[in-house]
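The structure appears below as structure tokens.
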Amino acid sequence: MLLDNDSMKSTLKLLASTILGLALQAQSADFAYITNQGENSVSVIDLAQDQVVKTLSVGSGPVGVTVSPATDRAFVSNVDSQSISVIDTSANKVIGEFKLEVSPVGLTVNPSGAEIYVADWFSDRVLVLDSTNGKTLSAIATGKAPAGMQVSPDGRLLYVANRDSNDVAVIDLAKRKVIQQIPVGRHPFGVTLNRDGSRLYAVNVYSNSLSVIDTQSRNVIATVPVGDHPYCVAVNDNGGFVYVTNTQGDSVAIIRAADNQVLTTLDVGNVPEGIAYDREHQKVYVASWGDDAVSVIDAVSNKLTKSIPTGKQSRAFGQFIAQVSH
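Using mature numbering (1 follows the signal peptide of the UniProt record, and there is no 0), the letters of the sequence shown map in sequence onto residues -28 to -1, 1 to 298.
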């Protein structure tokens, strides 16, 4: 069949539009990076498909993870090999490893992606690393046994959960020093901020509670009872919910952020640890150490929808979801 000029032009435009759309789709994706401590690997989950699309070999004993959207990097703390693996999230491949003289667990990155902050659990300090080469720029004394950390949205402050001193340290990153220590419950571990940085949530493992901190006054404004041995926390700002993993309850507590009330407790995998909210797809992902899997929660209905097999002893301690868009 022959096409006239107008039909040919329309066909070519449609073809070009389709090719462009497919190209953009291929270049834009959301991924979760799940550390598997028992097999020295990271499972890369395509969040549109909810399946593992790649498994990356990293250092020995990977635990913590953080992503930098600004630089298309993910950083993984390897507690046994005393190193940080560097992943290019645009290609989903390991491109380097920074050797340390400490055993890193918690880590995070500033908004520009220029600096990595590493909790030196055994020396009660936070190391500041250059993200391009792993060079130590500074060491900041903090409380005892620093664990989970997060940087404020403006990049000025670093919040650190100090497990053995039962507080959250507030670090001025320009001055490189602690400016306040906020008492919380017993053995705080995971922390996270809401999207605008006005609320900080700290999980207290031995108190079975969640401390809610007003970041302007730097006071605890609520203490929420949750499940047995809570570990990590995530915030769904779209729906106004907070999610806490209960490691010895095999569950996730779902809290209404407006009044800090527990709405329900949802059964998930065995020994849930790391947890994160995917704003793009409105889902919550929970890494289960005992099941070698990631549970998926619909963040609209707050119902469990799927379990994704990953690797041995999945932990994913930190901010493990990244959006790649080029």
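In this text, a Cβ means the ideal position worked out from N, Cα and C, and glycines have one as well.
| field | Segment contact flag, the stretch 140 to 158 with the stretch 180 to 196, C-beta cutoff 8 Å, min 3 pairs | value | yes
| request: Put THR178 into one of helix, strand or coil per three-state DSSP. | output: Within the sequence shown, the letter at position 206 stands for residue 178. One detail in the question is off: residue 178 reads as Tyr in this sequence, not Thr. Three-state result, TYR178: coil.
| message | Suppose contacts are defined by Cβ-Cβ distances below 8 Å. Is ASN12 in contact with VAL30 by that definition? | response | For the purposes of this step, residue 12 is taken as the residue at position 40 of the sequence shown. For the purposes of this step, residue 30 is taken as the residue at position 58 of the sequence shown. The answer is yes: Cβ separation under 8 Å.
| said: Pop quiz: GLY36 and VAL77 are said to be a contact at Cβ under 8 Å. What is the actual Cβ separation, rounded to whole angstroms? | reply: Residue numbering aside, residue 36 sits at position 64 when the sequence shown is read from its first letter. Residue numbering aside, residue 77 sits at position 105 when the sequence shown is read from its first letter. Correct: roughly 5 Å between the Cβ atoms.
| Taking C-alpha atoms, which residue in SER286, THR282 and GLN291 lies nearest to ASP22? | Here residue 22 is taken as the residue at index 50 of the sequence shown, counted from 1. For the residues SER286, THR282 and GLN291, the minimum Cα distance to ASP22 belongs to THR282.
| In whole angstroms, what separates the C-alpha of ASN8 from that of SER15? | By 1-based counting over the sequence shown, the position of residue 8 is 36. By 1-based counting over the sequence shown, the position of residue 15 is 43. The straight-line gap from Cα to Cα measures roughly 7 Å.
| field | Beta-carbon proximity of LEU79 to GLY246, cut-off 8 Å | value | As a first step, residue 79 is located in the sequence shown; it is residue number 107 there, counting from the start. As a first step, residue 246 is located in the sequence shown; it is residue number 274 there, counting from the start. Their beta carbons are not under 8 Å apart, which means LEU79 does not touch GLY246 by this criterion.
| Contact check, ARG158 vs ASN134, beta carbons under 8 Å | As a working mapping, residue 158 is identified with position 186 in the sequence shown. As a working mapping, residue 134 is identified with position 162 in the sequence shown. No, Cβ-Cβ distance for ARG158 and ASN134 is not below 8 Å.
| task | Taking the CB atoms as reference points, tell me whether GLY262 and VAL234 lie closer together than 8 Å. | result | Here residue 262 corresponds to residue number 290 of the sequence shown, with the count starting at 1. Here residue 234 corresponds to residue number 262 of the sequence shown, with the count starting at 1. Taking 8 Å as the Cβ cut-off, GLY262 and VAL234 do not qualify as a contacting pair.
| task | Within 10 angstroms of the Cβ of SER189, are there 16 or more other Cβ atoms? Answer buried if so, exposed if not. | result | Within the sequence shown, numbered from 1, the residue matching residue 189 stands at position 217. Under this definition SER189 is an exposed residue.
| said: I'd like to know whether the C-beta atoms of TYR249 and VAL256 end up nearer to each other than 8 Å. | reply: Residue numbering aside, residue 249 sits at position 277 when the sequence shown is read from its first letter. Residue numbering aside, residue 256 sits at position 284 when the sequence shown is read from its first letter. A contact, by the Cβ cut-off of 8 Å.
| query | Which one of ALA230, SER260, ILE227 and ALA229 has the shortest CA to CA distance from GLY241? | reply | Here residue 241 refers to the residue found at position 269 of the sequence shown. That would be SER260, whose Cα lies nearest to the Cα of GLY241.
| field | N- and C-terminal bounds of the beta strand (DSSP E) containing SER223 | value | As a working mapping, residue 223 is identified with position 251 in the sequence shown. It spans 223 to 228 - the beta strand (DSSP E) in which SER223 sits, taken as one unbroken run.
| said: Please identify the residue among SER75, GLY120 and LEU238 whose C-alpha is closest to the C-alpha of SER267. | reply: Translated into the one-based positions of the sequence shown, residue 267 becomes position 295. The residue with the shortest Cα to Cα distance from SER267 is LEU238.
| task | Could you have a look at GLN122 and say whether DSSP puts it in helix, strand or coil? | result | Mapped onto the sequence shown, residue 122 falls at position 150. Three-state DSSP puts GLN122 in a strand.
| message | Beta-carbon within less than 7 Å of SER55's beta-carbon, same chain only, minus the 5 sequence neighbours each way: which residues are those? | response | Locating residue 55 in the sequence shown gives position 83, counting from the first residue. Excluding residues within five positions, the ones whose Cβ falls inside 7 Å are GLY31, GLU69, PHE70, LYS71 and LEU72.
| Is it buried or exposed for ALA63, if we count other Cβ within 10 angstroms and need 16 for buried? | In the sequence shown, the residue the question calls residue 63 occupies position 91. So ALA63 ends up on the exposed side.
| task | Could you have a look at GLY290 and say whether DSSP puts it in helix, strand or coil? | result | To locate residue 290, count along the sequence shown from 1; it is residue 318. GLY290 falls in the strand class under three-state DSSP.
| What is the DSSP secondary structure of THR43, counted as helix, strand or coil? | Looking up residue 43 in the sequence shown gives position 71. Correct three-state label for THR43: coil.
| field | ALA248: first and last residue of the uninterrupted beta strand (DSSP E) it sits in | value | Working through the sequence shown from its first residue, we reach residue 248 at position 276. It spans 244 to 250 - the beta strand (DSSP E) in which ALA248 sits, taken as one unbroken run.
| query | When the Cα atoms are used, what is the spatial distance from VAL48 to GLY10? | reply | Your numbering for residue 48 matches position 76 in the sequence shown. Your numbering for residue 10 matches position 38 in the sequence shown. For VAL48 and GLY10, the distance between alpha carbons rounds to 14 Å.
| For SER279, which residues of its own chain have a beta-carbon under 6 Å away from its beta-carbon, when the five flanking residues on both sides are left out? | Numbered from 1 along the sequence shown, position 307 holds the residue referred to as residue 279. Contacts found: ALA265 and SER267.
| said: Just verifying my parser: in three-state terms, what is the DSSP assignment at ASP264? | reply: Walking along the sequence shown from the start, residue 264 turns up at place 292. Of the three classes helix, strand and coil, the one that applies to ASP264 here is coil, per DSSP.
| message | Just to confirm the assignment, what range does the beta strand (DSSP E) spanning THR80 have? | response | Indexing the sequence shown from 1 puts residue 80 at position 108. First-last of the beta strand (DSSP E) with THR80: 79 to 81.
| Given that a residue counts as buried once 16 or more other Cβ atoms are within 10 Å of its Cβ, and exposed if not, what is GLY120? | Here the question's residue 120 lines up with position 148 in the sequence shown. So GLY120 ends up on the buried side.
| request: For the beta strand (DSSP E) holding VAL240, just list the boundary residues, first then last. | output: Taking the sequence shown and counting its residues from 1, one reaches residue 240 at position 268. VAL240 -> no beta strand (DSSP E), and no H or E assigned at all.
| message | In whole angstroms, give me the CA-to-CA distance for PRO197 and ASN105. | response | Position 225 of the sequence shown, counted from the start, is the residue given in the question as residue 197. Position 133 of the sequence shown, counted from the start, is the residue given in the question as residue 105. PRO197 and ASN105: Cα-Cα distance of roughly 42 Å.
| task | Give the single residue among GLY211, ALA194, ALA174 and ILE293 whose Cα lies nearest to the Cα of PRO202. | result | As a working mapping, residue 202 is identified with position 230 in the sequence shown. For the residues GLY211, ALA194, ALA174 and ILE293, the minimum Cα distance to PRO202 belongs to ALA174.
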